[in-house]
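Structure, as structure tokens:
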Amino acid sequence: MPRGFCAGVDRAVIAVEKALEQYGAPIYVRHEIVHN
């Protein structure tokens, strides 16, 4: 059975990657993107 991240985590990671491309480092997030 394939395993991976839920849609919300995938979306959050993509959002951070886009922010890095647009604004550059550092990018801060308020809580962990991946949990449990």
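Basically our numbering = 1-based index in the sequence shown + 411. Idealized CB from N, CA, C, for every residue including glycine.
> DSSP state of ARG434, grouped into three classes?
Replying inline: Inspection of the sequence shows that residue 434 is occupied by Tyr rather than by Arg. Of the three classes helix, strand and coil, the one that applies to TYR434 here is helix, per DSSP.
> Any heavy atom of the ligand PLP closer than 8 Å to the Cβ of PHE416?
Replying inline: The ligand PLP is not part of the structure shown, which contains no ligands of any sort.
> Assuming ILE444 and VAL424 make a contact with CB atoms under 8 Å, what is their CB distance in whole Å?
Replying inline: ILE444 to VAL424, Cβ: 6 Å. Contact.
> With a CB to CB cut of under 7 Å and the five nearest residues on each side skipped, what residues in its chain are close to VAL420?
Replying inline: A distance below 7 Å between beta-carbons, with the five flanking residues on each side excluded, links VAL420 to the following residues of its chain, in chain order: ILE444, VAL445.
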